[in-house]
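In our numbering, the protein residues as written are 182 to 491.
Every residue gets a Cβ at the ideal spot worked out from N, C-alpha and C, and that includes glycine.
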């Protein structure tokens, strides 16, 4: 019995060691761990829903759209935090640490902090591109016919962004800002971008594919192009800075802006479900400003040494 147990342990150890040198095996192991932990997270949430005697997910969301079940809104946000952790942050950390152990932070590009110059340029990039992204989002919504599912998602977002207290603001910043920003960056930029860069043997293909998957994983086609652009931008922030913390901080900032604007200007909530157009001249100016900051960012980091670590 002990020898069989020892064989199993040695086989598992061999599998984890082999994953470091076999891209297909590493990718397969990553997908397996991601899916398994997501299922565990869903099971945990379903158990909590049944213990608390809450309506099921579909009924909760349908009710929120109709203005019902608002007393469960805080609980639902906490559930979303748990789900997001099991979908992004937990799989990213668990996979990296069991495969790469002491080199995990290095593999995630989390072993160094961005320079002050890169932080300032990162802030300038995300602030300057904001109007352009809003313009592209409006254009994107006009490409697709209005459908019930997309409209329902926008209505749920509107309900989530209705904040009547500092606690509501804190919870939204935690869910949409911190948890989403850290988890998505570690999984998409820390793991997926590296795997896709190794697979294509090209940092640009890796960035583009990662940006596309990042956008698709939000399951909102009406916002595909702006999220794709942001996803690619975050990839290049990692490529040029060599630190994932730059894209993490900028991602958190961008998401937090989406929360803070409706909190301080409640009328802005209406623009979530009824997208208002941005002036093309305003968007053009935003594009020129962004291009200028991007060129500066690239020049400052012209000696970048991004390597998709094996």
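Spatial neighbours of residue 289 within its chain, please: C-beta separation below 8 angstroms, excluding the five flanking residues on both sides.
Answer for residue 289: 273, 277, 367, 371, 372 and 425, listed in chain order.
Using the three-state DSSP reduction, which class does residue 258 fall into: helix, strand or coil?
Helix, per DSSP.
When the distance is taken between beta carbons, is residue 353 closer than 8 angstroms to residue 369?
no
Just how far apart, CA to CA, sit residue 414 and residue 378?
Here the alpha carbons of residue 378 and residue 414 stand approximately 15 angstroms from one another.
Could you spell out the range, first to last residue, of the alpha helix (DSSP H) harbouring residue 472?
461-481
Quick check: residue 440 and residue 358, are their CB atoms within less than 8 angstroms of each other?
yes
Quick one: what does DSSP say residue 484 is sitting in, helix, strand or coil?
coil
Tell me whether the beta-carbon of residue 432 lies closer than 8 angstroms to the beta-carbon of residue 362.
yes
Which of the three DSSP states is assigned to residue 201 in this structure?
coil
First and last residue of the alpha helix (DSSP H) that includes residue 298?
297-324
With H, G and I counted as helix, E and B as strand and the rest as coil, what does DSSP make of residue 160?
With the chain covering only 182 through 491, there is no way to say anything about residue 160.
Which residue from 402, 313, 355 and 384 puts its Cα closest to that of residue 462?
313
Taking the alpha-carbon of residue 129 as reference, which of 284, 260 and 406 has the nearest alpha-carbon?
For the chain, the structure presents residues 182 to 491; residue 129 sits outside this window and is missing.
Just to confirm my understanding: we take residue 412, look at its own chain, exclude 5 residues before and 5 after, and list those with CB closer than 6 angstroms. What are they?
392, 395 and 396
To the nearest angstrom, report how far apart residue 267 and residue 303 are at their CA atoms.
If I take the Cα positions, the gap works out to 28 angstroms.
Just to confirm the assignment, what range does the alpha helix (DSSP H) spanning residue 408 have?
From DSSP, the alpha helix (DSSP H) with residue 408 extends over 405-422.
What residue from 350, 308 and 376 has the CA that sits closest to residue 467's CA?
308
Taking just the CA atoms, how far does residue 475 sit from residue 250?
45 angstroms
Distance, Cα to Cα, residue 388 vs residue 234?
44 angstroms
Might you give, ordered along the chain, the residues of its own chain that have their beta carbon closer than 7 angstroms to the beta carbon of residue 257, omitting 5 neighbours on each side?
241
Report the CB separation of residue 487 from residue 410 in whole angstroms; it is logged as a contact under 8 angstroms.
Not quite, the Cβ-Cβ distance comes to about 20 angstroms (not below 8 angstroms), so this is no contact.
Keeping to the same chain, check which residues put their C-beta closer than 8 angstroms to that of residue 337; ignore five residues upstream and five downstream.
242, 245 and 246
For residue 244, does the three-state DSSP call read helix, strand or coil?
helix
Could you check where the alpha helix (DSSP H) with residue 370 kicks off and where it finishes?
Neither: residue 370 is in no alpha helix (DSSP H) and is coded neither H nor E.
Between which two residues does the alpha helix (DSSP H) containing residue 349 stretch?
347-353
Do you know how far the Cα of residue 305 is from the Cα of residue 465?
So the two alpha carbons sit approximately 16 angstroms from each other.
Given residue 255, which residues of its chain have a CB within under 7 angstroms of its CB, disregarding the five upstream and five downstream residues?
Exclusion of the five residues before and after residue 255 leaves 352 as the residues of its chain whose Cβ lies within less than 7 angstroms of its Cβ.
When the distance is taken between beta carbons, is residue 422 closer than 8 angstroms to residue 482?
yes
Exposed or buried, which one is residue 189 when buried takes at least 16 other CB atoms within 10 Å?
For residue 189, the predicted structure reports a pLDDT of 48, less than 50, and the residue's modelled location is therefore unreliable. A value from the coordinates is still provided. It counts as exposed.
What three-state label does DSSP hand residue 284 in the structure shown?
helix
Can you tell which of 335, 398, 350 and 259 has the C-alpha that lies nearest to the C-alpha of residue 365?
398
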